[in-house]
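Below is one structure, written out as structure tokens; the observations come after it.
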Amino acid sequence: MIAAGDSKNWTNPSRLLLLQIESLAGASPLIVAPPDDGFAAYLAAKAGPGALVHNFDFRSQRFHRKKFLETGLDPSRVGFGEWHDPQAPLHDSVIVFLPKGRDLIEYVLRMAAQSIVAGGFVYLVGGNNEGIRSARGVFSEIVGDVVWSEAARHSVVYAARATSSPQRVSPQDFLEDSEFELEGSRISIRTLPGVFSRGRLDDGTKFLLEKLPALTGRILDFGCGCGIIGAAIKRRSPESVVELLDSSALAVRSAELTFETNAIVDAKIFASDGFSEVEGQFDAIISNPPFHRGVGTDYQVVEQMIRSAKNYLNPGGNLFIVANRFLKYKQVLDANFQSSEVLAENNAYRVYQAN
Ligand SMILES: C[S@@+](CC[C@H](N)C(=O)[O-])C[C@H]1O[C@@H](n2cnc3c(N)ncnc32)[C@H](O)[C@@H]1O
Numbered sequence: 000m001i002a003a004g005d006s007k008n009w010t011n012p013s014r015l016l017l018l019q020i021e022s023l024a025g026a027s028p029l030i031v032a033p034p035d036d037g038f039a040a041y042l043a044a045k046a047g048p049g050a051l052v053h054n055f056d057f058r059s060q061r062f063h064r065k066k067f068l069e070t071g072l073d074p075s076r077v078g079f080g081e082w083h084d085p086q087a088p089l090h091d092s093v094i095v096f097l098p099k100g101r102d103l104i105e106y107v108l109r110m111a112a113q114s115i116v117a118g119g120f121v122y123l124v125g126g127n128n129e130g131i132r133s134a135r136g137v138f139s140e141i142v143g144d145v146v147w148s149e150a151a152r153h154s155v156v157y158a159a160r161a162t163s164s165p166q167r168v169s170p171q172d173f174l175e176d177s178e179f180e181l182e183g184s185r186i187s188i189r190t191l192p193g194v195f196s197r198g199r200l201d202d203g204t205k206f207l208l209e210k211l212p213a214l215t216g217r218i219l220d221f222g223c224g225c226g227i228i229g230a231a232i233k234r235r236s237p238e239s240v241v242e243l244l245d246s247s248a249l250a251v252r253s254a255e256l257t258f259e260t261n262a263i264v265d266a267k268i269f270a271s272d273g274f275s276e277v278e279g280q281f282d283a284i285i286s287n288p289p290f291h292r293g294v295g296t297d298y299q300v301v302e303q304m305i306r307s308a309k310n311y312l313n314p315g316g317n318l319f320i321v322a323n324r325f326l327k328y329k330q331v332l333d334a335n336f337q338s339s340e341v342l343a344e345n346n347a348y349r350v351y352q353a354n
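The opening residue of the sequence shown carries number 0 in numbering that gives the first Met the number 0; numbering runs sequentially from there.
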């Protein structure tokens, strides 16, 4: 059992909720997108067996499953996906940790409003530096008037009572569709809220696709987002065997829908934290890698990716990545590969190839 004493390492929003723990620990709270700390397992242990966690991030699901096990709770109570199961029993409360971006906040709150019994409390909690105060308006609009709020630990929690008739929506209602011209053929892209470069082709991704040589064999799109890189490769070389992964459930679902809308079949698209779910070796790994997490620049995921990539390449296989010019990857590529070069560069980006 996790002791609340461990809470000094929790995030500020979790520590604020800890102050309210008795009122939060109903019979069956749904805890949505909690930070990777001990709060969700602590609350679930205090509440009834109906307490569940919903994650949009595969890394967070792994983290919380481990925490639940350590706490003696059933890890299958930690879910993952682009939407909470609409067939699941309704919860008596929902606690939403503030996601990033207005479209994603709206998406998550609509999901929350449909997952709760009428009259139950929906809570929205977040840090001042995450923009919790400016989320109050959209919270009231979607869930209802704020009937209670508390501020402490540089964070705020709002509560509103769920209505009996929330607007019935599904992820499909939030899709943004766009089309790009690539090498004379059009590719359609479908993206859910919170997915990288929603509704537009990222300049770095575009540069990478323009400079990639023709590829065949088994190819991995690492951190696929809406699936644009994998889709472009499959369009270019239909005989290639393409796999796509992302840690975000919203990205994985978007990539599936992108493939479907372009009638591209037989690709494997799956959730993975880095290479955690990857099987076998590839002839090429392609990525516009994630380097930014939270407020500062964080190279950890991409450095880990470069270090691990060599174990997932066939002899003679290549890693291709695109990065902002200011990010220095040559050193880490050289330390892990036989050779590496800057395949192309412009005034903003570099495409690296490592063998
Ligand atoms: C810069 S975006 C690129 C998206 C897409 N390939 C494109 O070019 O538009 C990086 C992607 O990596 C994903 N990502 C972040 N951390 C990850 C991890 N640990 N494992 C797998 N994917 C991750 C993000 O969700 C995001 O979709």
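For each residue, glycine too, the CB sits at the ideal point set by N, CA and C. These figures come from a predicted structure and were not determined experimentally.
### K131 to R101 span [Cα, whole Å]
The sequence shown places Ile at residue 131, not Lys. Those two C-alpha atoms are separated by around 11 Å.
### Query
Can we count D272 as close to ligand 2, meaning its CB is less than 7 Å from some heavy atom?
Because ligand 2 does not appear in the structure shown, any question about it cannot be addressed here, the ligands present being ligand 1.
### Task
Output the boundary residues of the alpha helix (DSSP H) element that contains A347.
Premise fails: A347 is in no alpha helix (DSSP H) and is neither H nor E.
### Residues near E344 by beta carbon distance below 8 Å, same chain, minus five either side
R324, V350
### Query
Whole-angstrom Cβ separation of A250 and V194, contact assumed at under 8 Å?
5 Å
### Task
Determine which residues share a DSSP beta bridge with R356 and list them.
This structure leaves residue 356 out entirely; the chain is present only between 0 and 354.
#### Entry: Member of V124, R197, V95, T204 whose CA lies at the smallest distance from the CA of R152
V124
#### Entry: Buried or exposed by the 16-neighbour rule on C-beta atoms within 10 Å, applied to E81
buried
### Task
Leaving aside the five residues before and after S59 along the sequence, list all residues of the same chain whose C-beta is less than 6 Å from its C-beta, in chain order.
Taking S59 as the centre and dropping the five residues before and after it, the same chain places the C-beta of D35 closer than 6 Å to its C-beta, in chain order.
### Sequence-distant residues of its chain with Cβ nearer than 6 Å to A40 (five each side left out)
I1, K66, F67, T70
### Message
If distances are taken between C-alpha atoms only, which option among E149, S184, K327 comes closest to N11?
### Response
E149
### Residue from H53, K7, I320, Q352 whose Cα sits closest to the Cα of G203
I320
### Query
Heavy atom of ligand 1 less than 7 Å from the Cβ of D245, yes or no?
yes
### Task
Label W9 either buried or exposed according to how many other C-beta atoms from any shown protein chain fall within 10 Å of its C-beta, with 16 as the threshold for buried.
buried
### Query
Taking the continuous beta strand (DSSP E) assigned at I30, which residues delimit it?
28-31
### Query
Under 8 Å between the Cβ atoms of A254 and L243?
yes
### Query
From which residue to which residue does the alpha helix (DSSP H) around Y106 run?
101-112
### Query
Between the segment 223-237 and the segment 180-190, are three or more C-beta pairs nearer than 8 Å?
Under the Cβ criterion (8 Å, minimum of three pairs), the segment 223-237 counts as touching the segment 180-190.
### Query
Is it buried or exposed for P165, if we count other Cβ within 10 angstroms and need 16 for buried?
That one is buried.
### Message
Quick check: is any heavy atom of ligand 1 less than 7 Å from the C-beta of P288?
### Response
At least one heavy atom of ligand 1 lies closer than 7 Å to the C-beta of P288.
### Query
From which residue to which residue does the beta strand (DSSP E) around R160 run?
154-160
### Query
Taking the continuous alpha helix (DSSP H) assigned at A334, which residues delimit it?
Its alpha helix (DSSP H) spans residues 329-335.
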